[in-house]
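Number of protein chains: 2
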Amino acid sequence: MPEAPALDAAGLRSVADHTSYLLSLVEPLRPFGMSLLDAWDQVVCEDIDSMINVPPNSTAKVEGYAVRAADLLDEDGHLAEPLEVVEADVERLPSGAAVVVAPGDVLPRGANAVLPATFGSLADGRIRLIEKVAAGEYVRAAGEHLKVGTRLLSEGEILDDRSIGLLAGSGLDKVMVRPRPRVVVVSSGDNLVDPGMGVEHGQATDANSFMIAAAAKAAGATVFRVAVHSNDRAEILQTITDQLIRADLVISTSGGKREDYETVADVMQEIGLVDTVNVAMSPGRTQTFGLVGEDRVPMLMLPGNPVSAYVSFQAFARPLIRQLMGAPTTHRAVRAIASHSMRSMIGQLHLLRGRVTSEGSVRQVEAVSMPHALGELAESNALIVLDERVEQVRAGEAVKVWLLDED
Amino acid sequence: MPEAPALDAAGLRSVADHTSYLLSLVEPLRPFGMSLLDAWDQVVCEDIDSMINVPPNSTAKVEGYAVRAADLLDEDGHLAEPLEVVEADVERLPSGAAVVVAPGDVLPRGANAVLPATFGSLADGRIRLIEKVAAGEYVRAAGEHLKVGTRLLSEGEILDDRSIGLLAGSGLDKVMVRPRPRVVVVSSGDNLVDPGMGVEHGQATDANSFMIAAAAKAAGATVFRVAVHSNDRAEILQTITDQLIRADLVISTSGGKREDYETVADVMQEIGLVDTVNVAMSPGRTQTFGLVGEDRVPMLMLPGNPVSAYVSFQAFARPLIRQLMGAPTTHRAVRAIASHSMRSMIGQLHLLRGRVTSEGSVRQVEAVSMPHALGELAESNALIVLDERVEQVRAGEAVKVWLLDED
Numbered sequence: 001m002p003e004a005p006a007l008d009a010a011g012l013r014s015v016a017d018h019t020s021y022l023l024s025l026v027e028p029l030r031p032f033g034m035s036l037l038d039a040w041d042q043v044v045c046e047d048i049d050s051m052i053n054v055p056p057n058s059t060a061k062v063e064g065y066a067v068r069a070a071d072l073l074d075e076d077g078h079l080a081e082p083l084e085v086v087e088a089d090v091e092r093l094p095s096g097a098a099v100v101v102a103p104g105d106v107l108p109r110g111a112n113a114v115l116p117a118t119f120g121s122l123a124d125g126r127i128r129l130i131e132k133v134a135a136g137e138y139v140r141a142a143g144e145h146l147k148v149g150t151r152l153l154s155e156g157e158i159l160d161d162r163s164i165g166l167l168a169g170s171g172l173d174k175v176m177v178r179p180r181p182r183v184v185v186v187s188s189g190d191n192l193v194d195p196g197m198g199v200e201h202g203q204a205t206d207a208n209s210f211m212i213a214a215a216a217k218a219a220g221a222t223v224f225r226v227a228v229h230s231n232d233r234a235e236i237l238q239t240i241t242d243q244l245i246r247a248d249l250v251i252s253t254s255g256g257k258r259e260d261y262e263t264v265a266d267v268m269q270e271i272g273l274v275d276t277v278n279v280a281m282s283p284g285r286t287q288t289f290g291l292v293g294e295d296r297v298p299m300l301m302l303p304g305n306p307v308s309a310y311v312s313f314q315a316f317a318r319p320l321i322r323q324l325m326g327a328p329t330t331h332r333a334v335r336a337i338a339s340h341s342m343r344s345m346i347g348q349l350h351l352l353r354g355r356v357t358s359e360g361s362v363r364q365v366e367a368v369s370m371p372h373a374l375g376e377l378a379e380s381n382a383l384i385v386l387d388e389r390v391e392q393v394r395a396g397e398a399v400k401v402w403l404l405d406e407d
Numbered sequence: 001m002p003e004a005p006a007l008d009a010a011g012l013r014s015v016a017d018h019t020s021y022l023l024s025l026v027e028p029l030r031p032f033g034m035s036l037l038d039a040w041d042q043v044v045c046e047d048i049d050s051m052i053n054v055p056p057n058s059t060a061k062v063e064g065y066a067v068r069a070a071d072l073l074d075e076d077g078h079l080a081e082p083l084e085v086v087e088a089d090v091e092r093l094p095s096g097a098a099v100v101v102a103p104g105d106v107l108p109r110g111a112n113a114v115l116p117a118t119f120g121s122l123a124d125g126r127i128r129l130i131e132k133v134a135a136g137e138y139v140r141a142a143g144e145h146l147k148v149g150t151r152l153l154s155e156g157e158i159l160d161d162r163s164i165g166l167l168a169g170s171g172l173d174k175v176m177v178r179p180r181p182r183v184v185v186v187s188s189g190d191n192l193v194d195p196g197m198g199v200e201h202g203q204a205t206d207a208n209s210f211m212i213a214a215a216a217k218a219a220g221a222t223v224f225r226v227a228v229h230s231n232d233r234a235e236i237l238q239t240i241t242d243q244l245i246r247a248d249l250v251i252s253t254s255g256g257k258r259e260d261y262e263t264v265a266d267v268m269q270e271i272g273l274v275d276t277v278n279v280a281m282s283p284g285r286t287q288t289f290g291l292v293g294e295d296r297v298p299m300l301m302l303p304g305n306p307v308s309a310y311v312s313f314q315a316f317a318r319p320l321i322r323q324l325m326g327a328p329t330t331h332r333a334v335r336a337i338a339s340h341s342m343r344s345m346i347g348q349l350h351l352l353r354g355r356v357t358s359e360g361s362v363r364q365v366e367a368v369s370m371p372h373a374l375g376e377l378a379e380s381n382a383l384i385v386l387d388e389r390v391e392q393v394r395a396g397e398a399v400k401v402w403l404l405d406e407d
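Those sequence lines, one after another, are chains A and B. Just so we're aligned, residue 1 is where the first sequence starts under full-length UniProt numbering, counting upward by one. Just so we're aligned, residue 1 is where the second sequence starts under full-length UniProt numbering, counting upward by one.
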């Protein structure tokens, strides 16, 4: 593994250091040309300029003659000699010539003005000038609404429905975006069974892999969940290596038994480069990350406790998924007023489960604490971020929270 | 068609009346049991109570004897006669009996307390009591963290990642949700070509159907876009009837020529019940809605002008899609400070294209007006709602806006 950040005096890596270390190990996916509707709601990876004019051609606004304005005056500034009327399908308007046009007719190349019918008198295929016009007069110019080269969309913008309309109307059918990251959630642990199956004594239903798979969807990934409810090293190794072909990121979850975690860690060591570290974070102190398989696919192992797993996901997996997407990796952080006092520990980033409520424009947050870990998470809609310098927050003080839902 | 709301003195139907009329003609889709991960981010259509206890069984906290607390005292309140030790695999603990337990062991049925080893002395298969315990003492009770019957999720809530964890952990693998509405966008107009193709004189690329298909995705639908770039009545009829089998809602878009609109309206008349009305709204005055085919599939025809089409979508199609989803049909309405004065007409709901910007907690909005309709929409992120009683808004006054994006 590339050199890791230094540890603090307590032998811990800060959350900020761990996050930036992991992000330095993962590159955004390569963009490709995706059809407009499939690319909806994705981040655009190119500046897009119009390749067309709207309207596409200059047209006559009035009945009359398409002319070159410069032909209308002689060297002395007087009205020039009569113009010769030529066929409308002329490739390019010759000097000294004119073409009869009706309103809406496309001007021939070379013409840059329309002489209204009343500004000249037509006889014997020639127009004698009565009045002049300047370049552009009585013309609805090509590109009046949209000019070739106008910036339609900039790199980094989200492709919304109106932008899709603008691009389609400009003749574009594809746009460079990154594919959705493919995240494979691998669930292991020999005491786990899938929900919907009967649970025998000593078994538990697998909740973590479903919760984390859904969280990865919420972060923007395409998710595959694979369960290997076993503790067999060879079986777990086979399952993970089988999945690498379709994974941009592997996330492993387990049932919370120490040996589940250790077996997966052993497998990671066998097939890749691994960083195992204690992070100055609570919960989620033990963090294991690797680059596994021949292609060095990033793999994050989440702790077995549901709260630790979910908090670790939000702290580290979500930024990795966003990095793969080429999207901002920062959290949806806002400030909220603490409803009660909260305690933390100096030197640790503490991520409390919280429930944010809004009254008018003011957000309040209270910590959620329940004996049932999954119930506690389900009651929460935010993580309260008490950073390394915080020992106590008093009721009524503002705290930073990460919102867990998009709305 | 069912009876339509009355028109006003000017022969117009109000936007509120038209909206509620259309909503009265469309029912939410029938919910079904969907697997947890597929149902992520959907509205749950049932109250879900836990069918399990967590922990599932009562277990001993200490080494000792599982007992019935009532057996420990005699009628006079003295310590009772010695208890008989029986096998641990007893189906139900007999009265006057005890079972040897280690910490974590499941108590036999009938037992409701653990007598610590030091509270009795064991000899000849019998325990002589030294101290008593009350019911529940030294027991980690079944359901201490989650009891059978506890409400896990209520009808109308969104299934987020944490709720998925809670349901999975409670042994549930399916949840009742409504399927995503299937919206078929049918594009017609003989001067339209798909983006990416060359455009000849008199042709335009089809922007509306792409924009509206993306808007339907944003509203939560599964979208199919079908182009019949023709004006042939039989061909359009065939295309629409072919699509009805997979459509919960058909939306028709066109290229803005009067005859495009009329051909589709004729087809709707031929295969369904149709409501055509002038609505007191600008833009989007002419509105055509029908119930078409044998199954009376709802079908909305959008105007050909891109701005009118998009505004009509937001006003009427989005609420219909949300109705099919069983989700709130109201708009994401907020208030914003007008950056400049705006004019409207009494008796009409005016939906200006607007750009909302936020400074701190204050939202400002300015109207966007550009000669290029698609460019104007792409610049906008809101619709400014000037209702029927508004003639003028002054700079600095608050106006209602509908936000167009989820974030």
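Note that beta-carbon positions come from the ideal geometry of N, C-alpha and C, so glycine has one too. Owing to the predicted nature of the structure, the values given are computational and were not obtained by experimental measurement.
Assigned secondary structure, residue i (DSSP; H/G/I helix, E/B strand, else coil)
i	result
residue 130 (chain B)	coil
residue 208 (chain A)	helix
residue 243 (chain B)	helix
residue 13 (chain B)	strand
residue 24 (chain A)	helix
residue 298 (chain A)	strand
residue 345 (chain A)	coil
residue 69 (chain B)	helix
residue 384 (chain B)	strand
residue 199 (chain A)	coil
residue 182 (chain B)	strand
residue 172 (chain B)	coil
CB contact below 7 angstroms: residue i versus chain B
i	result
residue 108 (chain A)	no
residue 205 (chain A)	yes
residue 47 (chain A)	no
residue 163 (chain A)	yes
residue 195 (chain A)	yes
residue 211 (chain A)	yes
Pair within 7 angstroms by beta-carbon distance, residue i and residue j
i	j	result
residue 183 (chain B)	residue 234 (chain B)	no
residue 62 (chain B)	residue 108 (chain B)	no
residue 186 (chain A)	residue 205 (chain A)	no
residue 4 (chain B)	residue 21 (chain B)	yes
residue 300 (chain A)	residue 245 (chain A)	no
residue 354 (chain A)	residue 382 (chain A)	yes
residue 304 (chain B)	residue 271 (chain B)	no
residue 126 (chain A)	residue 84 (chain A)	yes
Nearest-angstrom Cα separation, counted from residue j out to residue i
i	j	result
residue 329 (chain B)	residue 15 (chain B)	14 angstroms
residue 399 (chain B)	residue 363 (chain B)	10 angstroms
residue 390 (chain B)	residue 376 (chain A)	48 angstroms
residue 42 (chain A)	residue 218 (chain A)	14 angstroms
residue 52 (chain A)	residue 172 (chain A)	10 angstroms
residue 226 (chain B)	residue 247 (chain B)	12 angstroms
residue 320 (chain A)	residue 254 (chain B)	42 angstroms
8 angstroms Cβ shell around residue i - same chain, five flanking residues per side excluded
i	result
residue 119 (chain A)	64, 129, 130, 131, 132 and 133
residue 33 (chain B)	174, 175 and 176
residue 396 (chain A)	337 and 338
Residue-level contact to chain A via CB, residue i, 7 angstroms cutoff
i	result
residue 160 (chain B)	yes
residue 325 (chain B)	no
residue 372 (chain B)	yes
residue 400 (chain B)	no
residue 10 (chain B)	no
residue 71 (chain B)	no
Own chain, CB closer than 6 angstroms to residue i, minus 5 neighbours either side, in chain order
i	result
residue 106 (chain A)	57 and 59
residue 352 (chain B)	367 and 384
residue 48 (chain B)	152 and 153
Cut-off 7 angstroms between Cβ atoms - residues of its own chain near residue i, not counting five sequence neighbours on either side
i	result
residue 417 (chain B)	Lying before the first or after the last residue shown, residue 417 (chain B) is absent from chain B, which here runs from 1 to 407.
residue 17 (chain A)	5
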